[in-house]
Amino acid sequence: MSDDPRLERMLRDALDASARASVGDERPVPPMRSGSAPVVAPRRSRWYLAAPLAAALLVVAVVAIVLGTTGGSAGNGHAVAGGGGTSPTQSVLPQAPPGAKPVHLSMQLSDNTQVGVGMPVIAYLSRPITDARAFEAATTVLVNGRAVHGSWYFERRSGLTGKPIEADFRLEHYWPAHATVSVSVRAKGLSAGPGLGFQNNLALTFRTGAAHVVTVSDKTHQMTVRDDGKVWAKFPVSLGAPQTPTMRGTKVIMEKGLSICMRGPGYDECGVKDTQRLTLSGEYLHSAPWNVFNIEHGIDSSNGCTNLAPKDAAKLYKFLEIGDVVRYPDASGSAMTMAEGYGDWDVSWSAWKTGGLYRTS
Amino acid sequence: MAALTAMDIGRDVQPSGLPHAPAEPARVDIPTLYNAHWRYLVRLAALLVDDTASAEDVVQDAFVALHRKADALRDPDAALGYLRTSVLNLSRSVIRRRQVARKHLKVAEPEATAPADQDVLLRDEHRATLAAVRALPRRQREVLVLRYWSGLSEREIAESLGISTGSVKSSASRGMAALQRALGAELGGAS
């Protein structure tokens, strides 16, 4: 629509800054205006009209979980409607007792970010828990307004102060491209195991861009970049040398840096251009003007990074975004793991559904 | 308990774009939509009406309207689209009411909308860009917000605004050209 990417960037940034200034990421969602509540489900309207607003919203929240996730009408809301005078949530999900140790929840992404289709939803827990079933059951995820089936996977995470446990949410396959995804975890007050209770709810809305999936072949030393399924470009690459091989598996772009310093055994290089991080230990896609011969002749020679010719690295840097998928199906290194970054796609779906560190069902 | 598990993971399906079983179409409930989209919709409205209080009113009204429109609830995709269109229409009414009020005040005011309260928090270059956006004709501003902030496709923008994709294209290119003229100095000549 415009030929000036700088103007587009300026506009995006300004609109985003203005949007965030109007409603901060931290601001809780206020209650819905009372006048609109009774219309949700006429069958239950008596309850809404009789109860004070706060209680009504509690019911609404539970109904939300039930309706949003069961898909059919068979069991919809009966447990709630039949609750009568007792608090309906008690009959649905286990509550934390008074005085339970609080588990604070936070999200890694901020609202309304655009990410690639491989981006996991990452939540942090402020302390270890013993039961994740209520957390899982209190989760609703909508893609373009439609409820989808996915699961949380828990891992210990070191290095982040006050966030010892990480929970990642994903679907069986990548997110749909060009979609709006909303994640809601109504965990506040629910049990996280004996003596433990979740302190707050989580809500996150983000968007996915085009499906950018990059496949890097160690056999052909070629990178194939797909854009919504169509081949967008092919670039020659040089991967890790035999003593420092590139990890095998599916990685996801974690951060981008136009010019950074890279240090490791035997190298300390600043001004490395067009870098896109793939692992915590430091595998990147980046420009390697010093290594063009090896890149062009299919010789693996790096410290594990994927080296690209400068013009290719620059094109790729502009094209890819955080959350885009980079696959190394036949690289010669060890298998990519979640501890190494966004290794979420390296866990099989059947293993994922069990919940990892904590059982989710 | 089993029936209430949030994610029926044994029955995982491709998340979107695939037709759902016709017998039991997916249902969407308003509280979930509200919790999930409140922040997005208020921000969208705020980008159009320039003040948060009016933006919040717009979104509350949009949800009231959704309650009345039971049909939209049968299809979750339609519900979000319906909400977005409501927010756009209601934002337009807010601006119209404000213009009428201003006429009756008979006080000389600058043509462009007064800067929003939250602008003090913004950096200079953002402030200049936003001032240029506010000076655009209504349609161009709506299209640019939906295109560059909401990230909607041309077709989605056309549906949201009830106009043709051709109009979306021309509004966007006219809007961008106007911004280019207004912000030429900020953009600089080089690179």
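Protein chains in written order, with the numbering used here: chain D, 1 to 361; chain W, 1001 to 1191. C-beta atoms are modelled at their ideal positions from N, C-alpha and C, and glycine is treated no differently. If you're wondering where the values come from, they're calculated on a predicted model, not measured in any experiment.
query, result
"Can you pull the chain D residues whose beta carbon is under 9 angstroms from the beta carbon of Ser1153 of chain W, in chain order?", "His178"
"For the segment 196–265 of chain D, list the beta strand (DSSP E) runs that are entirely contained and at least 3 residues long, ordered along the chain.", "196–198, 202–208, 212–217, 222–227, 230–238, 249–252 and 255–264"
"For Leu190 of chain D, does the three-state DSSP call read helix, strand or coil?", "strand"
"Against chain W, which members of the segment 198–232 of chain D pass a CB distance test of less than 7 angstroms?", "Ala203, Thr205 and Arg207"
"On the three-pair Cβ rule with 8 angstroms, is the segment 331–349 of chain D touching the segment 123–130 of chain D?", "no"
"Determine the burial state of Ala147 of chain D: buried for a count of at least 16 other Cβ atoms within 10 Å of its Cβ, exposed for fewer.", "buried"
"Assuming Thr208 of chain D contacts Val115 of chain D under a Cβ cut-off of 8 angstroms, what Cβ separation, rounded to an integer in Å, is found between them?", "6 angstroms"
"Cα separation between Tyr1082 of chain W and Leu1088 of chain W?", "10 angstroms"
"Please return the same chain residues whose Cβ sits closer than 8 angstroms to the Cβ of Glu1111 of chain W, not counting the five positions on each side in sequence.", "Since pLDDT at Glu1111 of chain W reaches only 41, below the 50 mark, its modelled position is unreliable, and no value is offered."
"Out of curiosity, what's the CA-to-CA distance linking Arg186 of chain D and Asn200 of chain D?", "8 angstroms"
"Kindly list, in the order they appear in chain D, the residues whose Cβ is closer than 8 angstroms to that of Val1058 of chain W.", "None at all; the shortest Cβ gap to chain D is about 12 angstroms."
"Residues in its own chain within less than 8 angstroms of Leu15 of chain D by CB, not counting five upstream and five downstream?", "none"
"Within the same chain, show all residues whose beta-carbon is closer than 6 angstroms to that of Ala1101 of chain W, passing over the 5 residues directly before and after it, in chain order.", "none"
"Report the residue from D:Tyr358, D:Gly282 and D:Lys251 whose alpha carbon sits nearest the alpha carbon of Asp324 of chain D.", "D:Lys251"
"Report yes if the CB atom of Ala19 of chain D is closer than 8 angstroms to the CB atom of Arg1043 of chain W, and no otherwise.", "yes"
"Going by DSSP, name the residue or residues bridged to Lys273 of chain D.", "D:Ser259"
"Going by the beta-carbon positions, is the gap between Leu202 of chain D and Val181 of chain D smaller than 8 angstroms?", "no"
"Could you name the residues of the same chain whose beta carbon sits closer than 7 angstroms to that of Asp93 of chain D, not counting the 5 residues immediately before and after it, in chain order?", "A small correction: the amino acid at residue 93 of chain D is Leu; Asp does not occupy that position in the sequence shown. Around Leu93 of chain D: Ala134, Ala137, Ala138 and Leu190."
"Compute the Euclidean distance between the alpha carbons of Ser1170 of chain W and Ala1177 of chain W, then round it to the nearest angstrom.", "10 angstroms"
"By Cβ distance, which residues of its chain are closer than 6 angstroms to Pro329 of chain D, with the 5 residues on each side in sequence left out?", "none"
"Secondary structure at His1067 of chain W, three-state DSSP: helix, strand or coil?", "helix"
"So is Glu1214 of chain W in contact with chain D if we call contact Cβ pairs under 8 angstroms?", "For residue 1214 of chain W there is no data in the structure shown, the boundaries of chain W being 1001 and 1191."
"Can you give the Cα-Cα distance for Leu1183 of chain W and Met10 of chain D, rounded to whole angstroms?", "10 angstroms"
"Where does Asp4 of chain D sit, in a helix, a strand or coil, going by DSSP?", "coil"
"Among D:Ala21, D:Thr224 and D:Asp4, which one has its Cα closest to the Cα of Ala1172 of chain W?", "D:Asp4"
"Give me the Cα-Cα distance between Met107 of chain D and Thr354 of chain D, rounded to the nearest whole angstrom.", "21 angstroms"
"Is it the case that the Cβ atoms of Val326 of chain D and Ile253 of chain D are separated by a distance below 8 angstroms?", "yes"
"Does the beta-carbon of Arg263 of chain D have 16 or more other beta-carbons within 10 angstroms, so that it is buried, or is it exposed?", "exposed"
"So what does DSSP say about Asp268 of chain D, is it helix, strand or coil?", "strand"
"Tell me the residue span of the beta strand (DSSP E) that contains Pro1031 of chain W.", "It is not in any beta strand (DSSP E) - Pro1031 of chain W instead sits in the alpha helix (DSSP H) that spans Ile1030 to Val1049."
"Look up Glu155 of chain D in the DSSP assignment and give the residues it is bridged to.", "D:Glu166"
"What in chain W is Cβ-close to Leu239 of chain D, meaning under 9 angstroms?", "By Cβ distance, chain W contributes nothing, its closest Cβ being about 32 angstroms from Leu239 of chain D, past 9 angstroms."
"Given a limit of 9 angstroms on CB to CB distance, which residues of the segment 7–21 of chain D reach chain W?", "Leu7, Glu8, Met10, Leu11, Arg12, Asp13, Ala14, Leu15, Asp16, Ala17, Ser18, Ala19, Arg20 and Ala21"
"By the DSSP assignment, the alpha helix (DSSP H) with Pro102 of chain D in it spans what residues?", "Pro102 of chain D -> not in any alpha helix (DSSP H); beta strand (DSSP E) instead, spanning Lys101 to Val103."
"State buried or exposed for Glu26 of chain D, treating a residue as buried only when at least 16 other CB atoms are found within 10 Å of its CB.", "exposed"
"Establish whether the CB of Ala1055 of chain W and some CB of chain B are separated by less than 8 angstroms.", "No chain B appears in the structure shown, which is made up of the protein chains D and W."
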